[in-house]
Amino acid sequence: MNLLNPTDQNQFQPQQISTSRTVYLGNIPPDLSATELLNHVRSGAVESLKMVPSKCCAFVAFLDTNAAALFHSDAILKRLTIDNHDIKVGWGRPSQLSPQVATAVSRYNATRNVYLGNLPEGTTEQELINDLKSFGEIDTIKMLPERRIAFIHFTSIGAAVQCVQSLPLAAKYKDRKIFYGKDRCAFITKTQQHNAAQYLGISPTDNFLTQVDRDLIANALVQQSNAAAMIATSTGGQENLGNRTIYLGNLHPDSTIEEICNVVRGGILQNVRLINERHVCFITFIDPISAAQFYAISTLHGLIIHNRKIKVGWGKHSGALPNSINLAVGNGASRNIYIGGLDKVNVLFTKEKLLNDFAEFGDIEQVNFFQERHCCFVNFTNIASAIKAIDGIRSNNDYRYCKINFGKDRCGNTPRQFQLQHEDSSDSEDESVTVGNNPLGIMWG
17 MNLLNPTDQN
27 QFQPQQISTS
37 RTVYLGNIPP
47 DLSATELLNH
57 VRSGAVESLK
67 MVPSKCCAFV
77 AFLDTNAAAL
87 FHSDAILKRL
97 TIDNHDIKVG
107 WGRPSQLSPQ
117 VATAVSRYNA
127 TRNVYLGNLP
137 EGTTEQELIN
147 DLKSFGEIDT
157 IKMLPERRIA
167 FIHFTSIGAA
177 VQCVQSLPLA
187 AKYKDRKIFY
197 GKDRCAFITK
207 TQQHNAAQYL
217 GISPTDNFLT
227 QVDRDLIANA
237 LVQQSNAAAM
247 IATSTGGQEN
257 LGNRTIYLGN
267 LHPDSTIEEI
277 CNVVRGGILQ
287 NVRLINERHV
297 CFITFIDPIS
307 AAQFYAISTL
317 HGLIIHNRKI
327 KVGWGKHSGA
337 LPNSINLAVG
347 NGASRNIYIG
357 GLDKVNVLFT
367 KEKLLNDFAE
377 FGDIEQVNFF
387 QERHCCFVNF
397 TNIASAIKAI
407 DGIRSNNDYR
417 YCKINFGKDR
427 CGNTPRQFQL
437 QHEDSSDSED
447 ESVTVGNNPL
457 GIMWG
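Quick note: to get the numbering used here, add 16 to the position in the sequence shown (first position is 1).
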């Protein structure tokens, strides 16, 4: 397919969203627990989980079809893998919520999560398991002894409803606070927020989730996932699905990683690898949507580095993002580390010192040192190095009293083409140029 042809835009339109709330997962490990499976679900409130070990499959039913569609598209795009098993993703049969669950959700915002407050000191997890297991299978229990509270996730809302209704009748729990908490699966990651914000033309601020309807976010992410899958497979073959690595060729011999990162936009990076002798570079994004978006924009509009037009293609398949990095990114990790409070009387901080001190953790792309503000930003070529450094540097006494945190990866900034398009679409009355008709928000002119 010729990405330079605007008439091909319709080929990037998302697939029809299923009316089912249930996603089928096949080829799961036979000994997989409910907790381990649900650890991979991050798209919306789960109504129930049914596992069929004898057939190595499971059915995850969500409260609504948008959450199901998001999980389905995300699992396909990222080629969901659990314990080295490639998971088959499909749809279960459409079904209605039971009247009891529907009423509890409507009236009380019921979820699988039961909150218990005012617990006696010394309450143990095993004690709660013994007292609550009669209501249904338990997914997880999180206890906060210092606050005397606990959160119990069941594998179904029905079990949680039974617990909330019946537990207060037991003498042991009559003086306890019992209600519903937030489903741990109803979680929009920072990467998803970033992608949805770009699609909607909104700045991904800290209160983004409170500003935008969750269904709108889910719909945007589903369209992006489907479009990214279409781009990856139509330009790189079926095996390219979920690839996060982009190839850049025809680089100038003097090109640096810093120069390359200065033009890469649209998503934070896992790794950037420059091979000088071959004049090529491989960029691995955290998210396959970002990779597909960067590929499409660079192909459509061209990519210039060091006054050379760069060849853009797909690199060797990146595989799935390691779960440890995925969790770290969810907590704000990036390649960039901020160090503040560098105005110590007994330590002279210079750019050279920072380079030397942080070099032990991995290759450094760039150091931005702001002498007058007594702070700096250290950008690594690999996010794993930054994750290692943010803890490791604290063992260096010179940084003992410094403020250290993850900074913002500039590669995650909104592409210039996105900014121009949102400016144009806001002034236009023609619906054909709005972002909603363009799954990745790409300019096709």
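All residues carry an ideal CB built from backbone N, CA and C; glycine is no exception.
Computed from a predicted model, the values in this text were never measured in an experiment.
In this chain, the beta strand (DSSP E) harbouring ALA74 covers 73-78. In the structure shown, VAL296 adopts extended strand secondary structure according to DSSP, grouped into three states. Taking C-beta atoms as the reference points, LYS206 and ASN129 fail to come closer than 8 Å. Taking all protein chains in view, the Cβ of LEU41 is crowded by 16 or more other Cβ atoms within 10 Å, so the residue is classified as buried. Taking a cut-off of 8 Å on C-beta distances, the stretch 360-378 does not touch the stretch 298-313, as fewer than three cross pairs fall below it. Note that the stretch 388-408 touches the stretch 349-356; at least 3 beta-carbon pairs, one per stretch, sit closer than 8 Å.
The alpha carbon of ILE233 has as its nearest neighbour, out of ALA50, ASN82 and THR35, the alpha carbon of ASN82.
If you look at VAL177, you'll find it isn't in any beta strand (DSSP E); it sits in the alpha helix (DSSP H) that goes 173-182. Within 10 angstroms of the beta-carbon of TYR215 lie 16 or more other beta-carbons, which makes it buried. Pairing HIS322 with HIS268 gives a Cβ-Cβ distance under 8 Å. In this structure, THR38 lies away from ALA74, with their beta-carbon atoms at least 8 Å apart. Secondary structure of ILE284 (DSSP, three-state): coil. Note that the C-beta distance between LEU113 and GLU63 is below 8 Å.
Just measuring C-alpha positions, the residue of CYS277, ALA212, ASN259 and LEU48 sitting nearest ASP231 is ALA212.
Taking LYS424 as reference, the option from ARG294, CYS277 and VAL228 with the minimal CA-CA separation is CYS277. By the criterion of a C-beta distance shorter than 8 Å, ILE341 is surrounded in its chain by GLN286, ILE302, ALA349, ILE399, ALA400 and ILE403, once the five residues flanking it on both sides are discounted.
In the structure shown, the three-state DSSP call for ARG200 is coil.
Per the C-alpha coordinates, the member of PRO115, GLY174, LEU135 and GLU143 positioned closest to PHE151 is GLY174. Distance from the CA of GLN181 to the CA of VAL76, rounded to the nearest whole angstrom, comes to 24 Å. Fewer than three Cβ pairs drawn from the stretch 88-100 and the stretch 156-169 lie within less than 8 Å of each other, which leaves the two stretches out of contact.
Under the DSSP assignment, GLY408 falls in the alpha helix (DSSP H) whose first and last residues are 399-408. Comparing alpha carbon positions, the residue from ARG260, ASN266, GLN142 and LEU364 closest to ILE320 is ASN266. In the structure shown, SER64 adopts extended strand secondary structure according to DSSP, grouped into three states. Note: LEU144 is not bridge-paired with any residue in the DSSP secondary-structure output. Per DSSP, the unbroken alpha helix (DSSP H) holding GLU274 starts and ends at 273-279.
In this structure, DSSP gives GLN382 an extended state, which the three-state scheme calls strand.
Burial is judged here by how many other beta carbons sit within 10 angstroms of a residue's own beta carbon; TYR196 has at least 16 and is buried.
Only buried fits PRO431, as 16 or more other CB atoms lie within 10 angstroms of its CB.
With 16 or more other CB atoms across the displayed protein chains lying within 10 angstroms of its CB, THR397 is buried. Going by DSSP, ILE233 is part of the alpha helix (DSSP H) stretching over 230-252. When GLU368, ASN362 and LEU79 are compared, the shortest CA-CA separation from ASN125 is found for LEU79.
Taking C-beta separations shorter than 6 Å and ignoring five residues to either side along the sequence, the partners of GLY258 in its chain run LEU93, LYS94, ARG95 and PRO304, following chain order.
GLY428 is not a Cβ neighbour of ILE299, given a cutoff of 8 Å. With fewer than 16 other CB atoms across the displayed protein chains lying within 10 angstroms of its CB, LEU343 is exposed. In the three-state reduction of the DSSP assignment, PHE377 falls in the helix class. Ranked by Cα distance from LEU337, the first of TRP330, GLY346 and GLY329 is GLY346.
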